[in-house]
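*Asks:* If you read the sequences in order, they're chains A and B.
What the first sequence shows, in the working numbering, is residues 83 to 268, in sequence order.
What the second sequence shows, in the working numbering, is residues 83 to 268, in sequence order.
Backbone N, C-alpha and C define an ideal beta-carbon position, used for all residues, glycine too.
Here it is, the structure in full.
There are 2 protein chains.
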Amino acid sequence: MNYPKGVKAPIKSTKKDIVYGNRGMDLEEDLNTTNAYYRQIDKAYIYKKPTPIKITKVDYKKAKITEAFFASPSTTDYNGLWQGKYIDFEAKETKNKHSFPLKNIHPHQLEHMKHIIKHGGICFFIIRFTTRMETYLILACDLFELIDDEASVAYDKIKEKGYLLEEKWQPRIDYLKVIEEKFGGR
Amino acid sequence: MNYPKGVKAPIKSTKKDIVYGNRGMDLEEDLNTTNAYYRQIDKAYIYKKPTPIKITKVDYKKAKITEAFFASPSTTDYNGLWQGKYIDFEAKETKNKHSFPLKNIHPHQLEHMKHIIKHGGICFFIIRFTTRMETYLILACDLFELIDDEASVAYDKIKEKGYLLEEKWQPRIDYLKVIEEKFGGR
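The structure is reproduced here in structure tokens:
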């Protein structure tokens, strides 16, 4: 099929809305729930960006898009504001047990993350190893150092350099707790 | 038509891609060009977010969206990072000569902007009065104070409290110059 790099085929869902297989829906749902909770308690304003779409046909009378295509993302999926600081991250799931492959991340996204780090933003990955039921936060600067020749990162290295995120009732995945410990305090 | 509040009918264009009438395309193009220039000179990483779309039908074999609708934006159109600071703004054009009507701005967007101000982000509007060929930057906190009973803001007030942005070759509209003068210096 003709999906651009970094965009996986959407997967069918039993829900009314269509969901995307880009990073596995569960992690995305967990993060959306977490971000909604952060907003609710006035802690942070972090959003998932809309999926980039190239619209090619519109029925103007019905205000309906009748043809459009998935486009490559040029930035990360999530960004926002926490305690005056710019937050920027990418979230991915992998079924791999022993490594995290970068093939689902578009080169533009990696470039973007390098710029964000250089300009003082807080930039990280949230990576879920679905077969292990483990979710890690790893700073982008740390992950970039671990990329091997095959553009993947060993699970053991992520475990060593990253932070295991526990799953709770709410916030579902309290990733800002890690950020707070590293960059925190007003 | 059934466009959500804050979303205007898309307008037809002679270009291949469809363009949106949400804020008048010229201003959006000017800002996209400006932001691309800022990235090119490594000054700031500010992007327009993708248009929020609710996808309802997909042809999976062809990786094609066959039915989708325009959705209401819950945040502003532009955000990003400049000198370690979180930047967040909304851009609008108006044909009105004497006031800027807020009717094209979704209440969620105004709420969002209030949160951003409170949490230390730099938040503003870029407003173009097309009949006057004038474009102003006005800080969101200043604009909020000027909103009258009819949810509009007088042109004279914007002229007084805002900053006239000159249009140049490049950057097309150097809005960060204003921000630099007000918040600037590393």
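Take every Cβ of the stretch 182-199 of chain A, pair it with every Cβ of the stretch 230-241 of chain A, and state whether three or more of those distances are shorter than 8 angstroms.
*Replies:* yes
*Asks:* Taking the beta carbon of I128(B) as the centre, do at least 16 other beta carbons fall within 10 Å, making it buried, or is it exposed?
*Replies:* buried
*Asks:* Under DSSP, the alpha helix (DSSP H) around P189(A) begins and ends at which residues?
*Replies:* P189 to K200
*Asks:* Could you list which residues in chain B have their beta carbon closer than 8 angstroms to that of K146(A), in chain order?
*Replies:* E149, A150 and F151
*Asks:* Apart from the five residues on each side of it in sequence, which residues of its chain come closer than 7 angstroms, Cβ to Cβ, to L219(B)?
*Replies:* F206, I208, G244, Y245, L247, Y257 and V260
*Asks:* Assign A126(B) to buried or exposed, taking buried as 16 or more other Cβ atoms, counted over all protein chains shown, within 10 Å of its Cβ.
*Replies:* Counting other Cβ atoms within 10 Å of its Cβ, A126(B) reaches 16 or more and is therefore classed as buried.
*Asks:* Taking the alpha carbon of M195(B) as the reference point, which residue from I229(A), K130(A) and G162(A) has its own alpha carbon closest?
*Replies:* G162(A)
*Asks:* CA-CA distance, E216(B) and V140(A)?
*Replies:* 31 angstroms
*Asks:* Going by beta-carbon coordinates alone, are P253(A) and Y120(A) separated by less than 8 angstroms?
*Replies:* Yes, the Cβ-Cβ distance between P253(A) and Y120(A) is below 8 angstroms.
*Asks:* DSSP on D230(B), reduced to helix/strand/coil?
*Replies:* coil
*Asks:* Of all the CB atoms in chain A, is at least one closer than 8 angstroms to the CB of K131(B)?
*Replies:* yes
*Asks:* Taking 8 angstroms as the cut-off, decide whether the C-beta atoms of I199(B) and I169(B) are in contact.
*Replies:* No, they are not a contact pair.
*Asks:* Can you give me, in chain order, the residues of the stretch 157-176 of chain A that have a beta carbon less than 9 angstroms from any beta carbon in chain B?
*Replies:* T157, N161, G162, L163, W164, Q165, G166, K167, Y168, I169 and D170
*Asks:* Please return the same chain residues whose Cβ sits closer than 6 angstroms to the Cβ of N328(B), not counting the five positions on each side in sequence.
*Replies:* Residue 328(B) lies beyond the range of chain B shown here (83 to 268); nothing can be said about it.
*Asks:* Look at the alpha carbon of R214(A) and the alpha carbon of L109(A), and state the distance between them as a whole number of angstroms.
*Replies:* Approximately 14 angstroms between the Cα atoms of the pair.
*Asks:* Taking only three categories from DSSP, how would you classify D99(A)?
*Replies:* In this prediction, D99(A) scores a pLDDT of 44, lower than 50, which makes its location untrustworthy; no coordinate-derived value is stated.
*Asks:* Report the residue from T176(B), G202(B), H188(B) and D230(B) whose alpha carbon sits nearest the alpha carbon of G166(A).
*Replies:* Taking only the C-alpha atoms, the option nearest G166(A) is G202(B).
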